[in-house]
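Peer 1: In this note's numbering, the protein residues as written are 1 to 125. We treat Cβ as the ideally placed atom computed from N, Cα and C, and that holds for glycine.
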């Protein structure tokens, strides 16, 4: 990888032995956001949620986590990570870095309408 704003040889020059490697230089702040562009090579750590695994976690959803189970809405609100609620924190940068699903409300309405229209009691086990 190459540091933003540096050539490959300039980036390579930052590498040093015995833990003395230097970070990429901080970039100027963006006029629109007020923050410098994200640069993973400045010691940042990127964490990505594995949505498939999270939605089937037996320690969260119980022994039937791998089964299709219609649950109470309150349980989804508490445990579901598909709308990225965990990426919203107004205490960090006054909420400017919040990232979540803009279609959550519509998705909930569509899902609710679907389950109202179909009697899940008639579904085969």
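1. Where does residue 91 sit, in a helix, a strand or coil, going by DSSP?
2. Rounded to whole angstroms, what's the CA-CA distance from residue 94 to residue 35? Just pull it up for me.
3. What three-state label does DSSP hand residue 85 in the structure shown?
4. For a quick check, are the C-beta atoms of residue 28 and residue 4 less than 8 Å apart?
5. Using the C-alpha atoms, what's the distance from residue 98 back to residue 90?
6. Let me know the secondary structure DSSP gives residue 9 once reduced to three states.
7. Compute the Euclidean distance between the alpha carbons of residue 13 and residue 104, then round it to the nearest angstrom.
8. Please list, in chain order, all residues of the same chain as residue 2 whose beta carbon is under 6 Å from its beta carbon, the five residues on each side excluded.
9. So residue 100 and residue 80 are in contact, right, with Cβ under 8 Å, and what is the actual spacing, rounded?
Peer 2: Put simply:
1. Here residue 91 refers to the residue found at position 91 of the chain shown. Reduced to three states, the DSSP call for residue 91 is coil.
2. Stepping through the chain shown from its first residue, residue 94 is reached at position 94. Stepping through the chain shown from its first residue, residue 35 is reached at position 35. A straight-line Cα-Cα distance of about 13 Å links residue 94 and residue 35.
3. Translated into the one-based positions of the chain shown, residue 85 becomes position 85. The answer is helix: DSSP assigns residue 85 an H, G or I state.
4. Numbered from 1 along the chain shown, position 28 holds the residue referred to as residue 28. Numbered from 1 along the chain shown, position 4 holds the residue referred to as residue 4. Contact: no.
5. The residue you call residue 90 lines up with position 90 of the chain shown. The residue you call residue 98 lines up with position 98 of the chain shown. So the alpha carbons of these two residues sit roughly 7 Å apart.
6. Counted from its first residue, the chain shown places residue 9 at position 9. Here residue 9 sits in helix by DSSP.
7. As a working note, residue 13 is residue 13 in the chain shown. As a working note, residue 104 is residue 104 in the chain shown. Per the coordinates, the alpha-carbon of residue 13 lies some 46 Å from the alpha-carbon of residue 104.
8. Mapped onto the chain shown, residue 2 falls at position 2. Closer than 6 Å at Cβ, skipping near neighbours: 8, 11.
9. What you label residue 100 is simply residue 100 of the chain shown in a count that begins at 1. What you label residue 80 is simply residue 80 of the chain shown in a count that begins at 1. That pair is no contact at about 12 Å.
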